[in-house]
Structure formats: C-alpha cells, structure tokens
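Below is one structure, written out as structure tokens; the observations come after it.
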Amino acid sequence: MLKARILKSGFRAAWTHKVRAIFMMLSIMIGIASLTVVISLGKGTEEKIMTQVQKFFSSNTIMVVSGGGRVAPNRPVAITGNLKIADVEEIAEQIGNILMWDAVQHLSGKEAQANGNNTLVDISGQTPAAEGVFNLAVTEGRFYSEKENRNLARVAVITPHVREKLFGNENPVGQMIKIDNVPFQVIGTIGPRGLDPHGTDKDNEILIPLNTVMRRVANLEYVMFVKYLVRDEQRINETAEQIKSMLREKHSINATEEDDFMVITPVRVKELIANASKTFNLYLPLLAFVSLFVGGIVVINLMLISVSERTKEIGLRKAVGAQSKDITMQFLIEAASITIISGLTGIVVGILLLTQITKFMNMPFSISWGAVFMCSIISAVVGIAAGYFPAKKAAGLIPVESLR
Amino acid sequence: MISVAKLYKTYRKENGTPVNAVNNVTLQIEQGVFAAIVGPSGSGKSSLMNILGLLDVPDSGSYLFNGKEVSTMNIDELADIRNKKIGFVFQQFHLLPNISAKDNVELPLIYSNKIDISGLAEKALIQVGLGDRINHTSAELSGGQQQRVAIARALVNDPDIILADEPTGNLDSASGSEIMNIFKQLHSKGKTIILITHDTKNTSCAQKIVKIVDGTIITDK
Ligand SMILES: Nc1ncnc2c1ncn2[C@@H]1O[C@H](COP(=O)(O)OP(=O)(O)O)[C@@H](O)[C@H]1O
Ligand SMILES: [Mg+2]
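Chains A and B supply the protein sequences, listed in that same order. The first sequence runs 1 to 404 under this note's numbering. The second sequence runs 1 to 221 under this note's numbering.
Structure (structure tokens):
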C-alpha cells in the first residue's frame with residue numbers, strides 16, 4: 001500500500017516523458033521480434049533440410065558417389081561418373097554386411113513423346129533392385145525384372161508428372177513412349193516422391209533398366225552413384241571403410257592420393273548438413289546479436305538520458321522525504337516494466353511474423369525458445385541495469401546536488 | 001527548535017578560488033517564530049537555508065534540530081526529518097511538470113508513513129485558494145498559482161517549520177503579496193516560518209530579522 005502509491009507517482013512522472021518511453025519500448029520490441037524471427041528461421045530451415053534428406057537417406061544407407069569433388073588433379077573424371085558396375089557388384093558380393101544395392105545413371109533433359117504429346121524428362125537408369133533399395137511404390141503394372149535388365153529391354157516405368165503430361169487420364173501401361181526417338185514400352189507407374197535434396201523433381205523421371213541406359217541410350221561404362229543398404233546398422237561405419245579401401249584398390253589410388261569418389265554415411269550426411277547450415281546458425285544469430293547490441297546501446301542511452309533528465313525529480317522527491325531505496329525501487333521497477341513489457345510484446349510480434357513467414361515460405365513452424373529467451377533476458381538485464389545504476393547513484397546524492 | 005553554531009560552507013569557483021558561502025554562522029530560531037533572512041544576492045542565504053533545511057551538509061559546525069545533532073545522521077534519517085518536520089518553498093517552485101497539482105502536493109504524503117492520505121492534498125490546495133485547480137498541471141497554472149501549489153505541498157504533511165527561499169522572487173508584486181499573506185496565516189496558526197528574501201518589504205511581519213553579508217551574520221534581532 002505504502003509502496004504502491006510511490007510507484008503510481010513514479011509512473012505518472014515517467015509518463016511525462018512518454019515519447020522517449022515509447023521509443024525505448026519500440027526499439028526493444030523490434031530487436032526482440034527480429035531475433036525471434038531470424039534465429040527461429042535458421043533452426044526451421046535446418047530441420048526442413050534434415051527431414052527432407054532423411055526421407056532419401058535412411059539410417060542403413062551408404063552412398064558411393066563418383067568424383068565427389070575430391071578428385072586428384074591428374075585423374076580426369078567424366079561427369080557421367082567413374083564407378084564401374086562390375087566393381088560395384090563385386091564389393092556388394094564380398095562385403096557380407098551389404099544387404100542390397102542399386103546403381104544409378106542419370107540423364108537429364110531428354111525429350112519424351114507419346115500419344116502425340118511431348119515433354120522434357122529426366123532418365124534414371126537403375127537396376128531392378130531399385131524397387132526395394134529406393135522403396136518405390138508401384139501403382140500400376142509392374143517394375144522391370146533382372147532378365148529385362150540383362151537383355152537391355154526397352155521397357156520404362158513412369159512417374160506421376162510424366163504420366164499426366166503424356167497420357168492424361170488414360171492408362172499408360174502397355175503403351176509406347178519414344179525417348180530421343182527410341183521406342184520404349186511402359187510397363188508400370190510409381191507414386192509421387194516429390195523433390196530430392198538437390199531440388200530435382202523425382203516425379204518427372206522415367207525409370208529404365210540400368211544396362212539399357214548404359215548400352216542403348218547413352219553408351220557409358222560408368223555409373224554416377226551407388227546406394228548400398230546394410231544389414232547391421234551398428235557396423236555401418238566399418239562397412240563404409242571396407243567399401244572405401246576396396247574402391248581405392250580398384251581405382252589404383254596410392255596412399256598419398258585422395259579418393260576419387262565419396263562414401264557417404266548417415267553420420268556424414270548430418271555433418272554435411274550441419275556444415276551447410278553453419279551459415280544460418282552462425283551468421284544469422286551474429287547479425288541478430290549485432291541488432292541486439294545496437295538496440296541495447298539505444299536503450300542504455302535512453303535510460304541514461306531519462307535518469308539525468310529526471311535528476312531534478314529525484315532531488316525533489318528526496319527533498320520531500322523519499323528514502324534512497326524509494327528512489328532506486330521506483331527506477332528499477334520502471335526500467336523493468338519497460339524492458340519486460342516491450343520484450344514480451346517483441347516475442348509475440350516475432351511469433352506472429354514467424355507464422356506468416358513460415359506459411360509463405362512453406363516451412364514447418366519451429367521456434368528456438370532457448371535463444372529467444374536468452375536474448376530477452378540479456379535485453380532485460382541491460383535495460384534494467386541501465387535504468388537502475390544511474391538512479392541508484394542519484395538516489396545517494398544529497399538533495400541539493402540534484403535540485404541545482 | 002533550530003540551533004546552529006559555527007557553520008561553515010565553502011565552494012570552489014571554476015578557477016579554484018574558494019567562496020565562503022556560509023562563514024561562521026551561529027543562529028537560533030525558536031518554535032513559532034517568523035524569521036526573515038535577508039541580504040544581497042550572492043551573500044549565502046540559499047546556502048544557509050539548504051543547510052538549515054537538511055538539504056545540504058555544512059563543512060563544519062554543529063546543528064541541533066529539536067535538540068538532536070543532525071551532522072551525524074545518514075541521508076535516510078535526514079530524509080525522514082525533512083518529510084515529517086520541514087516544508088520547502090523554492091524560488092523556482094520545483095513542481096513536477098505534466099502531473100496534476102494534487103499529484104504534486106501529494107509527494108510528501110506518499111513518502112510519509114501515513115496509511116490513509118486521501119483528501120489531504122485537496123485540503124491543502126483549498127487552504128491556499130486553489131480548490132478549483134486540483135487537477136490542473138503546472139503548465140495550466142500561473143506563476144503565483146504554481147507557487148501556491150508549492151506552498152500546499154510544503155504544508156500538506158503538517159510540518160513544524162516552513163522554509164521558503166525567495167518565494168516571491170519570480171512573481172509579480174500582486175501575486176507576491178498573496179503569497180506573503182499565506183505565510184502570515186500559516187504563522188498565525190503556529191508554524192515556524194523561515195523566509196529568505198532580499199526584499200525588505202516582505203520583512204514587515206517578521207519577528208526576527210537576520211542580515212547576512214558575504215556568508216556572515218551582521219545583525220540578528
Ligand atoms: N554549488 C556552488 N558551487 C560554487 N559556488 C556556489 C555554489 N552555490 C553557491 N555558490 C556561491 O556561493 C555564494 C552564495 O550563494 P547563494 O547561497 O546562492 O547566495 P544567495 O542565495 O544569497 O544569492 C555565491 O557566491 C555563489 O556563487
Ligand atoms: Mg538564493
């Protein structure tokens with residue numbers, strides 16, 4: 001009761017300087033809101049990439065990719081790959097932990113014609129094992145067989161967008177399709193898979209037996225990448241090492257040379273993503289902290305101006321009998337209310353912005369509460385300290401010095 | 001009531017030369033007395049009043065307030081005496097801007113240990129003739145009215161002494177004499193009044209006149 005009337009009087013006097021108070025609250029609010037958005041967006045992006053990648057990269061997967069950016073300088077690698085199918089097969093046979101595998105040769109931007117329609121598609125040459133290795137859902141007809149792969153059969157399995165563009169509502173199974181003027185028979189369709197982690201539309205592909213692609217369509221010796229699935233996930237790193245040393249031997253890479261391929265395990269994928277999102281996780285919060293820092297300086301300055309402008313008020317309150325603690329409590333509570341109210345408003349505004357932005361960018365909504373609260377606490381501490389300490393100093397003066 | 005002896009207060013000018021604003025002042029003021037402290041500008045009147053009002057501390061000397069030595073008290077004990085026993089009126093009014101007359105007058109009350117303070121500020125404002133200006137802010141009041149708000153603030157907590165430092169200094173003579181009438185009334189109700197002025201016209205009602213020159217009392221009667 002006694003304290004309440006002091007606070008009421010303090011707030012009435014503070015409201016005298018309302019323009020500055022509002023300005024101070026706005027700068028805290030904007031700072032906290034932008035921090036909430038920026039840090040949370042960074043985290044959301046990483047989560048989005050993670051889930052997308054995990055869809056394509058299950059925990060029992062080892063990928064071996066041609067070249068992979070680590071090619072020795074004097075070892076030219078065709079962009080179509082440097083992994084021999086025979087080597088890939090031998091590795092799978094010799095390493096007991098490998099359950100199954102599929103090798104892929106990918107050709108993009110091929111012209112496909114059927115039914116008087118034509119469209120550009122990607123060709124994915126894959127072994128019959130693809131159905132299991134990539135977990136493909138055959139929706140109509142069937143997937144191609146080992147025999148068809150061996151005999152370089154001209155058969156094709158098509159995906160939703162290709163089907164829609166070339167056949168509309170008709171049943172495509174059994175129909176003919178021309179790819180770069182070579183006729184193929186559609187034997188099946190598979191369900192939608194969306195974009196892969198590179199952003200390639202997996203629903204605009206035509207799947208063709210790998211050998212057919214290598215011998216008939218493109219005349220290639222090598223594949224671009226291989227996907228091995230292991231039996232025992234516990235031993236996946238050991239298996240990856242075995243693959244690596246066998247490939248080095250087959251590619252006659254000596255001890256001083258680097259790999260001309262890349263072996264990717266789930267652990268490695270997480271590392272790669274973490275590396276890629278370092279930009280987000282390092283620079284964005286850095287940017288946010290710079291804005292918090294600038295905001296903090298603004299708040300400190302406004303608080304200092306506020307207290308020095310109110311020195312007369314402090315002197316007068318002391319002259320009429322205010323104790324030192326009455327003054328410091330008044331300014332402490334004022335500074336705390338200003339920083340906390342505007343900080344909380346900032347969080348709310350940030351969350352509202354974040355919902356809109358994530359909706360707009362088609363991202364999952366996620367918010368890093370830890371970072372948001374840490375920033376809020378830092379700004380609250382800065383704001384409160386900036387209000388409290390000069391007021392405490394003024395409260396300790398004899399009244400005549402503040403009244404002058 | 002107030003008894004000071006051998007008070008000294010020295011300031012330093014910017015160039016370092018000392019100014020003896022209060023120079024060996026010994027003075028008694030009895031309860032209920034209307035005392036005037038007069039002297040030319042710069043003679044040390046305000047410096048003395050700030051010490052007498054416990055707003056400032058002397059460099060040396062003793063000060064008994066109601067028989068108690070105050071030079072050994074801490075700032076919060078001094079604040080308590082100012083709150084209960086002393087009312088201030090300044091030449092520059094020292095009202096908080098943009099808050100109402102009532103809120104200004106209430107200031108000494110909010111720091112008092114009175115539980116119920118309702119109605120007291122209004123009563124004090126009525127006493128100084130501002131019953132119709134209770135919710136006006138300083139900006140909406142004339143100089144004379146502002147000084148009356150300041151007087152209401154000085155008397156709201158029913159102090160024993162009212163210390164006024166040139167209260168009419170910033171006012172025209174009509175408002176000035178209104179203010180002086182209020183002080184006379186307050187004195188007739190038993191308050192001790194210490195009025196600082198360089199205007200001898202205001203000293204007619206004083207029972208005790210202390211003349212200061214260069215920080216030193218030259219007459220006291
Ligand atoms: N804070 C201060 N710093 C330096 N000199 C001061 C200060 N306050 C007062 N003085 C000097 O002390 C002397 C007395 O001042 P003051 O007490 O205000 O006199 P009066 O109220 O009689 O005009 C003057 O010379 C003034 O310049
Ligand atoms: Mg003066």
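Using N, Cα and C, we set each Cβ at its ideal position, and we do this for glycine too. None of these values were measured; they are calculated from a predicted model.
task = Pick helix, strand or coil for A/Arg75, following the three-state DSSP scheme.
result = Legend: pLDDT at A/Arg75 = 45, less than 50; position of this residue unreliable, value from coordinates given subsequently. In the structure shown, A/Arg75 sits in coil (DSSP, three-state: anything other than H, G, I, E or B).
query = For B/Leu141, does the three-state DSSP call read helix, strand or coil?
reply = coil
query = Counting by C-beta, which residues lie closer than 5 Å to a heavy atom of ligand 1, in chain order?
reply = B/Tyr11, B/Val19, B/Ala21, B/Ser41, B/Gly42, B/Ser43, B/Gly44, B/Lys45, B/Ser46, B/Ser47
query = If you measure from the CB of B/Asp199, is any heavy atom of ligand 2 nearer than 7 Å?
reply = no
query = Which residues of chain A have a Cβ atom closer than 9 Å to the Cβ of B/Ile99, listed in chain order?
reply = Ser9, Arg12, Ala13, Trp15, Thr16
key: Interface residues of chain B facing A/Ser324 [CB-CB closer than 7 Å]   = Ile75, Asp76
ask   = Taking 7 Å as the line, does the beta carbon of B/Glu166 fall inside it for any heavy atom of ligand 2?
value = yes
request  = List the residues of chain A whose Cβ lies closer than 8 Å to the Cβ of B/Phe88, in chain order.
outcome  = Ala319, Val320
query = Can you give the Cα-Cα distance for A/Ile32 and A/Gly42, rounded to whole angstroms?
reply = 15 Å
CA-to-CA distance, B/Pro108 to A/Arg317, given in whole angstroms = 8 Å
ask   = Which two residues bound the contiguous alpha helix (DSSP H) that contains A/His161?
value = 160–167
key: N- and C-terminal bounds of the beta strand (DSSP E) containing B/Lys211   = 208–213
request  = Say whether chain A places a C-beta atom closer than 8 Å to the C-beta of B/Leu141.
outcome  = no
inquiry  = Among B/Val22, B/Ile81, B/Gly39, B/Pro40, whose alpha-carbon lies nearest the alpha-carbon of B/Met1?
reply    = B/Ile81
query = Nearest-angstrom Cα distance between A/Met50 and A/Ile367?
reply = 16 Å
request  = Would you mind giving the Cβ-Cβ distance between A/Val37 and A/Gly350, rounded to the nearest angstrom? I have them listed as a contact below 8 Å.
outcome  = 5 Å
ask   = Between A/Asn135 and A/Thr239, is the Cβ-Cβ spacing less than 8 Å?
value = no
Close Cβ partners of A/Asn237 (< 8 Å) along its chain, the five nearest in sequence each way excluded = Thr265, Val267
ask   = Would B/Lys45 pass as a contact of B/Ile196 if the rule is Cβ separation under 8 Å?
value = yes
Where B/Tyr111 falls: helix, strand or coil (DSSP) = coil
query = Which residues in the same chain have their Cβ closer than 8 Å to the Cβ of A/Glu313, if we skip the five residues on either side of it in sequence?
reply = Ala13
task = Would you kindly report the start and end of the unbroken alpha helix (DSSP H) that includes B/His187?
result = 173–188
query = Closest Cβ-Cβ distance between A/Ile398 and chain B: below 8 Å?
reply = yes
request  = Name, in chain order, the residues that DSSP records as bridge partners for B/Ser12.
outcome  = The question names Ser, yet the displayed sequence has Arg at residue 12 of chain B. Partner(s): B/Pro18.
message = I want to verify the contact list: residues of chain D whose CB lies under 8 Å from the CB of A/Leu332, in sequence order.
response = The structure shown contains no chain D; its protein chains are A and B.
message = Beta carbons nearer than 9 Å to chain B: which residues of the segment 294–317 of chain A have them?
response = Lys312, Glu313, Gly315, Leu316, Arg317
query = Distance, Cα to Cα, A/Ile300 vs B/Gln146?
reply = 34 Å
key: Distance between B/Thr216 and B/Asn170 (C-alpha atoms, nearest Å)   = 26 Å
ask   = Is B/Gly61 helix, strand or coil when you go by DSSP?
value = strand
ask   = In chain A, what lies closer than 7 Å to B/Pro108 by C-beta?
value = Val320, Gly321
task = Would you mind telling me which residues of chain A sit closer than 8 Å to B/Asp80, beta carbon to beta carbon, in chain order?
result = Gly321, Gln323
Beta carbon of B/Pro18 nearer than 8 Å to that of B/Val89 = no
ask   = By Cβ distance, which residues of its chain are closer than 7 Å to A/Asn338, with the 5 residues on each side in sequence left out?
value = Here the sequence assigns Ile to residue 338 of chain A, which means Asn is not the residue at that position. Ala21, Met24, Met25, Gly383.
key: chain B contact for A/Ile6 (CB, 8 Å cutoff)   = yes
message = Please classify A/Asn169 as buried or exposed, where buried requires at least 16 other C-beta atoms within 10 Å of its C-beta.
response = exposed
query = Can you list, in chain order, the residues of its chain whose CB lies under 7 Å from that of A/Asn74, leaving out five sequence neighbours each side?
reply = For A/Asn74, the predicted structure reports a pLDDT of 47, less than 50, and the residue's modelled location is therefore unreliable. A value from the coordinates is still provided. Around A/Asn74: no qualifying Cβ.
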